[in-house]
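Undergrad:
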Amino acid sequence: MNKIRSAITAVHGYVPDYILTNQELETIVDTTDEWITTRTGIKERRIQKGEGLGTSDMGAEAVKGLLEKRGIDPSEVDLLICCTVTPDMKFPATANVITDKAGIKNAFSYDLNAACSGFIYGLVTGSKFVESGMYKKVVVVGADKMSSIVDYTDRQTCVIFGDGAAAVLIEPSSEPNGIMDHEFHSDGSGRVHLHMKAGGSVKPPSHETIDAREHYVYQEGQAVFKFAVTNMADVSASVIKKNNLTGDDIAWLVPHQANMRIIEATARRSCIPMNRVMVNIQRYGNTTNATIPLCLWEWENQMKKGDNIILTAFGGGFTWGAVWLKWAYDSN
Ligand code: UT7
Numbered sequence: 049m050n051k052i053r054s055a056i057t058a059v060h061g062y063v064p065d066y067i068l069t070n071q072e073l074e075t076i077v078d079t080t081d082e083w084i085t086t087r088t089g090i091k092e093r094r095i096q097k098g099e100g101l102g103t104s105d106m107g108a109e110a111v112k113g114l115l116e117k118r119g120i121d122p123s124e125v126d127l128l129i130c131c132t133v134t135p136d137m138k139f140p141a142t143a144n145v146i147t148d149k150a151g152i153k154n155a156f157s158y159d160l161n162a163a164c165s166g167f168i169y170g171l172v173t174g175s176k177f178v179e180s181g182m183y184k185k186v187v188v189v190g191a192d193k194m195s196s197i198v199d200y201t202d203r204q205t206c207v208i209f210g211d212g213a214a215a216v217l218i219e220p221s222s223e224p225n226g227i228m229d230h231e232f233h234s235d236g237s238g239r240v241h242l243h244m245k246a247g248g249s250v251k252p253p254s255h256e257t258i259d260a261r262e263h264y265v266y267q268e269g270q271a272v273f274k275f276a277v278t279n280m281a282d283v284s285a286s287v288i289k290k291n292n293l294t295g296d297d298i299a300w301l302v303p304h305q306a307n308m309r310i311i312e313a314t315a316r317r318s319c320i321p322m323n324r325v326m327v328n329i330q331r332y333g334n335t336t337n338a339t340i341p342l343c344l345w346e347w348e349n350q351m352k353k354g355d356n357i358i359l360t361a362f363g364g365g366f367t368w369g370a371v372w373l374k375w376a377y378d379s380n
């Protein structure tokens, strides 16, 4: 029996309208456009404004656009996975809310949390349901409203993050294209460097935890930076080598957008020149689960059927990994 392959067959993104510039951040915390630009590469990020709006609203916009673009009725979707660290609420899953808001009635849905590596974990997880032959239309959403967990008095973290969402559709592929290979890792001992201190079962929310600002992202930037540079670069190089590819064979490197210096180090290690690396960090900052699919959305018209593409991410947990895929369609 022939192996069923799975491939991304459509991608769509959504970012909120409000643009938070480095100049505006200069009025909020003790920082400068020059510091943010040279240390991170970020110039601006999007922020979701509006009472009662959350991650699911951005995710649902991305999903509705995705299905419309591919000409698929919401009733055809079998499964929706939402990768996020900023769920609308602790339960139910934001994926359940997205399916409701997008009119998806026949799918099961659940959330997946692997911090900044969530989207690539979700992509591979979703692809396995397709490769098993059980399902034909799986939607994977990467969405985060980081502004809901960022402390705008902490200059080290508030300049980095932004809000956004993007979604891909995975379907069976009859051609030798699609999701080819991956390498994933996690190391829970890294949690001390990047986490949220309160709000979970260990330290439920209380007046004290609020006063101590423990419901915000806690990050030891330098420590995370060191792990991110080494691990994201190594895992990308490893997937390339393991599949007998070289940097010359790779049409596009799609790195998680955490810091321009980490992106450049990863590209160098994989021998891929920067003109073949997708970078939109300057406009969106770090949108956590949305960075990689937002890049795919923005570069969709430039990717060609059969292109070798490497997706790679590093994030809280620690979690990290890389995916090799062969792009499955020409969009123009
Ligand atoms: O996506 C999930 C994974 N996360 C990451 O990959 C993030 C990894 N880390 C980073 O990207 C970087 O560590 C940061 C961008 C967070 C920080 O950059 P850095 O080059 O590591 O700066 P630093 O923490 O070593 O701080 C250097 C200096 C310090 O001042 P002193 O002690 O040298 O006087 C900081 O207080 O820069 C200062 N600083 C700032 N100055 C102006 C820190 N944040 C700011 C700021 N504006 N926003």
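Those letters in the sequence shown? Residues 49 to 380, by our numbering. Where is the CB? At the ideal position from N, CA and C, for every residue including glycine.
#1: Which residue comes first and which comes last in the beta strand (DSSP E) that contains F362?
#2: Within its chain, find whatever has a CB closer than 6 Å to the CB of I168; leave out the 5 residues flanking it on each side and keep chain order.
#3: Is F232 near the ligand SAH, with its Cβ less than 6 Å from a heavy atom?
#4: At the level of alpha carbons, what is the spacing between K352 and P220?
#5: Taking all protein chains shown into account, do 16 or more other C-beta atoms lie within 10 angstroms of the C-beta of S104, making it buried, or fewer, making it exposed?
#6: With a threshold of 6 Å (Cβ to nearest heavy atom), would A276 be considered close to the ligand UT7?
#7: Below 8 Å on the Cβ atoms is my guess for Y332 versus R94; work out the distance and round it to an integer in Å.
#8: For the beta strand (DSSP E) containing F167, name the first residue and the last one.
#9: Tell me whether the beta-carbon of A214 lies closer than 7 Å to the beta-carbon of L301.
#10: According to DSSP, what are the bridge partners of N334?
#11: Taking C-alpha atoms, which residue in S196, V77 and W83 lies nearest to E35?
#12: Can you give me the start and stop residues for the alpha helix (DSSP H) that A155 sits inside?
#13: Curious, which full-length alpha helix (DSSP H) runs of at least 4 residues does the segment 288-348 contain?
#14: Please state if the CB of S379 and the CB of E348 are separated by a distance shorter than 7 Å.
#15: Measuring alpha carbon to alpha carbon, tell me which residue in V188, V178, Y183 and D65 is nearest L171.
#16: Return the CA-CA distance between E256 and K245, expressed in angstroms with no decimal places.
#17: Any heavy atom of the ligand UT7 within a distance shorter than 6 Å of the CB on R317?
#18: Taking the alpha helix (DSSP H) that H255 belongs to, which residues open and close that run?
#19: Tell me where the beta strand (DSSP E) around A370 begins and ends.
#20: If contacts are defined as beta-carbon pairs under 8 Å, then L128 and A143 qualify, I think. What distance do you get, rounded to the angstrom?
#21: Suppose you measure from the CA of Q267 to the CA of K112; what does that come to, to the nearest Å?
#22: Among residues of its own chain, excluding the 5 on either side of K97, which ones have a beta-carbon nearer than 6 Å to its beta-carbon?
#23: When the Cα of A163 is compared with those of V133, V186 and I146, which residue comes out closest?
#24: By how many angstroms is the C-alpha of Y200 removed from the C-alpha of D229?
#25: Can you tell me whether D136 is buried or exposed? The criterion is at least 16 other CB atoms within 10 Å of its CB, across all chains shown.
#26: Residues in its own chain within less than 6 Å of D235 by CB, not counting five upstream and five downstream?
#27: Could you check if E116 is buried or exposed, using at least 16 other CB atoms within 10 Å of its CB as the buried criterion?
#28: Verify the contact flag: S343, CB atom, against every heavy atom of the ligand UT7, threshold strictly below 6 Å.
#29: Is N323 close to the ligand UT7? I mean its beta-carbon at under 6 Å from any heavy atom of the ligand.
#30: Going by DSSP, what residue range makes up the alpha helix (DSSP H) through E109?
#31: With a CB to CB cut of under 6 Å and the five nearest residues on each side skipped, what residues in its chain are close to P321?
#32: At 4 residues or longer, and completely inside the segment 220-274: list those alpha helix (DSSP H) runs for me, N to C.
#33: In three-state DSSP terms, what is I84?
#34: Beta-carbon within less than 6 Å of D174's beta-carbon, same chain only, minus the 5 sequence neighbours each way: which residues are those?
#35: State the CB to CB distance for the pair A299 and N225, rounded to an integer number of angstroms; the pair is presumed to be in contact (CB under 8 Å).
TA: Short version:
#1: N356 to G363
#2: L359, A361, G369 and V371
#3: You won't find the ligand SAH in this model; what it holds is the ligand UT7.
#4: 18 Å
#5: buried
#6: yes
#7: 6 Å
#8: No beta strand (DSSP E) contains F167, which is instead part of the alpha helix (DSSP H) from G166 to E179.
#9: no
#10: F209
#11: With the chain running from 49 to 380 in the structure shown, residue 35 is simply not present.
#12: No alpha helix (DSSP H) holds A155; DSSP gives it neither H nor E.
#13: 308-317, 329-332 and 339-346
#14: yes
#15: V188
#16: 12 Å
#17: no
#18: H255 to D259
#19: T367 to K374
#20: 5 Å
#21: 34 Å
#22: Y66
#23: V133
#24: 39 Å
#25: buried
#26: F366
#27: exposed
#28: According to the sequence shown, residue 343 is Cys rather than Ser. Answer for C343: no, Cβ out of range of the ligand UT7.
#29: no
#30: T103 to R118
#31: none
#32: 255-259
#33: helix
#34: With the sequence shown as reference, residue 174 is identified as Gly, and Asp is not the correct amino acid for it. The residues are I129, V186, V188 and I218.
#35: At roughly 12 Å, the Cβ-Cβ gap does not stay under 8 Å, so A299 and N225 are not in contact.
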